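Enquirer: The UniProt record's numbering numbers the first residue of the sequence shown as 1 and each following residue consecutively. We treat Cβ as the ideally placed atom computed from N, Cα and C, and that holds for glycine. The model shown is predicted, which means the values in this text are computed figures rather than measured ones.
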Amino acid sequence: NILPAKVGELARAYMVGRMIPGGVARALSSLLIERLLDVLVLVVLVFGLMPFIDMPPFLINAGRLLGLLSACGVAVLVVLTRIGDRGLDWILRFLRRVPWIGHPRVRAALENLLAGFRVLTVGKLLPATVLSSLVIWFGYALLNYIALAVFGMTHLPVTAAAFVLCATGFSMVVPSSPGGMGVWEAAVVLALSVYGVEQTQAFGYAFGLHALTNVALIVLGLWGLRSESLTFADVRVQVADGD
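(1) Let's test the definition: count the other Cβ atoms within 10 Å of the Cβ of N61 and tell me whether it reaches 16, buried, or not, exposed.
(2) According to the Cβ coordinates, are L59 and A167 closer than 8 Å?
(3) In whole angstroms, what is the alpha-carbon distance linking L69 and P157?
(4) Between V41 and L134, how many whole angstroms is the CB-CB distance? I'm expecting something under 8 Å.
(5) Going by alpha carbons, who is nearest to F151 out of F52, A206, G221?
(6) Which value, in whole angstroms, describes the spacing of the CA atoms of W90 and R82?
(7) Taking all protein chains shown into account, decide if W223 is buried (16 or more other Cβ within 10 angstroms of its Cβ) or exposed.
(8) Going straight from the alpha carbon of S29 to that of V194, what length do you get?
(9) Determine the direct distance from the alpha carbon of D54 to that of F163, and round the result to whole angstroms.
(10) Between the alpha carbons of A160 and R86, how many angstroms are there, rounded?
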């Protein structure tokens, strides 16, 4: 959360990769699936809110585009997983001009990456995976609604909290500043403007909510680093080295 341009995702992969078979590559596959599911949930939520909200056209178009890209991404991952080593050989055939692609460590990393995508082909795991993602996003929406009440906006409907969640979720898809500072607040202000909330009040809500969630995540992250006998500098060096 304190690293720019989604570098924090690489740090997460490094941390998880230290604890599971397959290392960082397997962890990256799990994180990619997580992000694809998150985007798909947001897209479903956007279209579910359309009958109740006069949404800006750009948000509807963004939902359609991201939904299409996410669905295509899932389809590609499923196909690559289904064809297994043949798919990997096909990829390497097109990338063999890059000098380091043929290195055994690179191939091993790609094999672990594809192995992590196999969860998409295990039908009995998908319902639980999707349900857990929905529960997590419901928790986010509930937190947004509680924060609306704290900032004196109890007159807004529950859909406002869900709409804020969609706007901030889409704003965090692309790489930006550390923790999405500025981008996240702008998304909240834009979302609440649909309900006639003044910019100053909307920004106060956005800043307070974002500060609360960021501080909580940073504290939990530091506690996690300490429990793993690591420092932030250790993780940063490992991510920079690509290990």
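Expert: Taking the definition as stated:
(1) exposed
(2) yes
(3) When the Cα atoms are used, L69 and P157 turn out to be separated by approximately 31 Å.
(4) Indeed they touch by this definition, with Cβ atoms about 6 Å apart.
(5) When each option's Cα is compared against that of F151, the closest is A206.
(6) 13 Å
(7) Of the other Cβ atoms in all chains shown, fewer than 16 fall within 10 Å of the Cβ of W223; this residue is therefore exposed.
(8) 37 Å
(9) 11 Å
(10) 48 Å
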